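Down below is the structure, laid out as structure tokens.
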Amino acid sequence: MADYRKMYDSLFNDVTDAISLLQRAQQKTEELFISGDDGVVLELGKELGSEKEKE
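Under UniProt numbering, the residue at position 2 of the sequence shown is numbered 2, and the numbers go up by one with no gaps.
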């Protein structure tokens with residue numbers, strides 16, 4: 001019979017490790033962005049006015 005407790009614990013630990021890895025990668029990227037010297041910040045969003053408003 002399968003040891004579901006062992007399977008669950010293994011899956012839980014691996015998922016937790018993956019989440020931690022992703023969080024560290026995001027934090028590293030944010031720190032690189034903040035420390036950057038390019039001085040350019042672009043705002044990405046909706047264009048002014050939509051196609052429906054132009055009609």
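Note that CB positions come from ideal geometry on N, CA and C, so glycine has one too.
Given the structure is predicted, the values throughout are model-derived calculations rather than measurements.
Along the alpha helix (DSSP H) that carries residue i, what are the first and last residues, could you check?
i	result
Val15	4 to 35
Which same chain residues end up closer than 8 Å to residue i when comparing Cβ atoms and leaving out the 5 residues on each side of it in sequence?
i	result
Leu44	none
Val15	none
Any heavy atom of the ligand NAP inside 8 Å of the beta-carbon of residue i?
i	result
Leu44	In the structure shown, the ligand NAP is absent, as is every other ligand, since no ligand is present at all.
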